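Asker:
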Amino acid sequence: MQHLPYQIDEKTNRFCYYENLWKKKGLDLLLKYCSSKGKSLLDYGSGRGECLEYASKAGFEVQGTDIDPECIKLSSRYGMACKLNPLDPLGQFGSKSFDVVTCFHVLEHVDNPKQTLTALSKISREYVVLAVPNLRYLHRMFRRKIDLMECNEGHLQSWDHWHLLNLAERHCGLKLVEWGTDATVLPFLSNFSQKLLGTRITIALETGLFRKLFPYHGASVLGLFSPT
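Position in the sequence shown (from 1) plus 59 gives the number in the numbering used here.
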């Protein structure tokens, strides 16, 4: 299964920049509703550990978990990190054991997303911050054929906002608090901007004007949920 890279360079690749942007936007959304003071946060699938870094700086008591030993090592730079039991995360961590659970671009990799998301809703006392790749991606509207090159080989499923909301609220014991947005890539315009104006200006457009015009066509379906 294709795995995330252990190192990225945000300065040379705007899509690497976006890999951390959805974590920052998710935490910004969380902080609108939740004070970090004295609050614990579990990052489910902590990867390189950026979420732990940002959340720790914001004042949360953080813990990460992952199935990859290298990711556990990388995450441990920013807080406690442990090996995940993906078959029984609820049994591993316990019911209502963390105030907040974050899960950024992980759910699309798991065999049973309903089981995993239900477990996260039970582990959390207050909020679950969730981001998955957005199936409603504008540049795909102009593709004339179905090509596996358009799909990350490690993704087993994907969602748009409607279907993620359906999964979360009707099947997994969660209630939407608010949607978030990260960056909207527009067909032709984004490529033109990248070639003519460079990475910095293109990021400004995709996280600014383009995102405001098409908020539900972002790179991620990003939402803040609360356990019911």
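Glycine included, each C-beta is placed from N, C-alpha and C at the ideal position. Since the structure is predicted, the reported quantities are computational estimates derived from the model, not experimental observations.
Could you tell me which of 140, 261, 86, 107 sits nearest to residue 114, measuring between CA atoms?
Answerer: For the residues 140, 261, 86, 107, the minimum Cα distance to residue 114 belongs to 86.
Asker: Indicate whether residue 92 and residue 283 have their beta-carbon atoms separated by less than 8 Å.
Answerer: In contact: residue 92 and residue 283 (Cβ atoms closer than 8 Å).
Asker: What's the C-alpha gap between residue 97 and residue 249?
Answerer: Cα to Cα, residue 97 sits roughly 42 Å from residue 249.
Asker: Between which two residues does the beta strand (DSSP E) harbouring residue 167 extend?
Answerer: No beta strand (DSSP E) holds residue 167; DSSP gives it neither H nor E.
Asker: Any Cβ of chain B within less than 8 Å of the Cβ of residue 283?
Answerer: The structure shown contains no chain B; it is built from a single protein chain.
Asker: My output table needs one value for residue 69: the three-state DSSP class, helix, strand or coil.
Answerer: Note: residue 69 maps to coil in three-state DSSP.
Asker: Could you tell me whether the Cβ atoms of residue 135 and residue 119 are closer together than 8 Å?
Answerer: No. Outside cutoff.
Asker: Could you say which of 175, 212, 167 lies nearest to residue 147 if we only look at CA atoms?
Answerer: Residue 147 has its Cα closest to that of 175, out of 175, 212, 167.
Asker: Residue ranges of each alpha helix (DSSP H) run of no fewer than 4 residues wholly in the region 231–275, ordered along the chain?
Answerer: Counting whole runs of 4 or more residues, the region 231–275 contains the alpha helix (DSSP H) stretches 248–256, 258–266, 268–272.
Asker: For residue 123, which option in 101, 232, 74, 132 has the closest C-alpha, if you only look at C-alpha atoms?
Answerer: Of 101, 232, 74, 132, the residue nearest in Cα terms is 101.
Asker: Between the Cα of residue 212 and those of 184, 219, 169, 240, spot the shortest distance and give me the residue it belongs to.
Answerer: Taking only the C-alpha atoms, the option nearest residue 212 is 169.
Asker: Looking only at its own chain, which residues have a Cβ that is under 8 Å from the Cβ of residue 60, when we skip the five neighbours before and after it?
Answerer: Its pLDDT being 42, under 50, residue 60 is placed unreliably by the model, and nothing is read from it.
Asker: Compute the Euclidean distance between the alpha carbons of residue 65 and residue 187, then round it to the nearest angstrom.
Answerer: Cα-Cα distance, rounded: 25 Å.
Asker: Could you say which of 78, 190, 112, 179 lies nearest to residue 238 if we only look at CA atoms?
Answerer: Selected option, being the one with the closest Cα: 190.
Asker: Near residue 95, what residues of its chain come up, given a Cβ to Cβ distance below 7 Å and the 5 sequence neighbours on each side ignored?
Answerer: Taken in chain order, the residues that qualify are 117, 118, 119.
Asker: Taking the beta carbon of residue 81 as the centre, do at least 16 other beta carbons fall within 10 Å, making it buried, or is it exposed?
Answerer: The residue is buried, with at least 16 neighbouring Cβ atoms inside 10 Å.
Asker: Note down, in chain order, each residue of its chain lying with its Cβ closer than 6 Å to the Cβ of residue 121, except the 5 sequence neighbours on either side.
Answerer: Hits under 6 Å: 100, 111, 114, 115, 138.
Asker: Tell me where the alpha helix (DSSP H) around residue 173 begins and ends.
Answerer: 172–182 is the extent of the alpha helix (DSSP H) around residue 173.
Asker: Going straight from the alpha carbon of residue 241 to that of residue 263, what length do you get?
Answerer: Spanning the two alpha carbons is a distance of roughly 11 Å.
Asker: Give me, in chain order, the residues of the same chain whose beta-carbon lies closer than 7 Å to that of residue 230; leave out the 5 immediate sequence neighbours on both sides.
Answerer: These residues qualify, in order along the chain: 173.
Asker: Quick test of your reading: residue 179 and residue 160, contact by CB under 8 Å. State the CB separation rounded to the nearest angstrom.
Answerer: About 5 Å; that satisfies the 8 Å criterion.
Asker: Report, in whole angstroms, the separation of the C-beta atoms of residue 183 and residue 286, which I expect to be a contact under 8 Å.
Answerer: Contact holds; Cβ gap of about 5 Å.
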